[in-house]
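Colleague: Sharing a structure, written as structure tokens. Questions coming.
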Amino acid sequence: ILKEKFPHLSICRSHANFLEVMHKNATKGSAVRFLEDYFGVQTNEVIAFGDNFNDLDMLEHAGLGVAMGNAPDEIKQAANVVTVTNNEDGLALILEEKFPE
Numbered sequence: 671i672l673k674e675k676f677p678h679l680s681i682c683r684s685h686a687n688f689l690e691v692m693h694k695n696a697t698k699g700s701a702v703r704f705l706e707d708y709f710g711v712q713t714n715e716v717i718a719f720g721d722n723f724n725d726l727d728m729l730e731h732a733g734l735g736v737a738m739g740n741a742p743d744e745i746k747q748a749a750n751v752v753t754v755t756n757n758e759d760g761l762a763l764i765l766e767e768k769f770p771e
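If you use this note's numbering, the sequence shown corresponds to residues 671 to 771, in order.
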């Protein structure tokens with residue numbers, strides 16, 4: 671109902687008790703696009719990690735979208751890769767795999 675009444679806003683649940691409301695162009699995905707332009711980085715060089723609905727557009731945009739194991743199924747399905755949970759150091763595992771010493 672809120673999305674229909676306020677189409678200029680991005681509204682998503684990021685936790686059971688958290689509702690994020692912002693301008694539709696002020697998302698994590700739009701921030702990544704801004705940083706790509708600013709630093710001259712190509713989308714295929716971007717790795718994004720996320721675990722909830724506020725990360726969805728960022729994961730879909732990145733060259734490699736990584737969902738954490740504790741993410742909802744919809745987020746996991748949108749990602750290119752699913753790693754283990756935050757508490758199991760899923761981010762570190764992917765970074766070690768992509769950037770070995």
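Ideal Cβ positions, reconstructed from N, Cα and C, are used throughout, including at glycine.
1) Is DSSP giving His678 helix, strand or coil here?
2) Hey, could you find the ends of the alpha helix (DSSP H) Gly704 is sitting in?
3) Is it the case that the Cβ atoms of Ala737 and Val716 are separated by a distance below 7 Å?
4) Does the Cβ of Ser680 have 16 or more other Cβ atoms within 10 Å, making it buried, or fewer, making it exposed?
5) Any chance the CB of Ser684 is under 6 Å from a heavy atom of the ligand SAM?
6) Spell out the partners DSSP gives His693 in its beta bridges.
Modeller: Put simply:
1) coil
2) According to the sequence displayed, residue 704 carries Phe and not Gly. Run containing Phe704: Lys698 to Phe709, per the alpha helix (DSSP H) assignment.
3) no
4) buried
5) Looking for the ligand SAM in the displayed structure turns up nothing, as the structure carries no ligands at all.
6) Leu679
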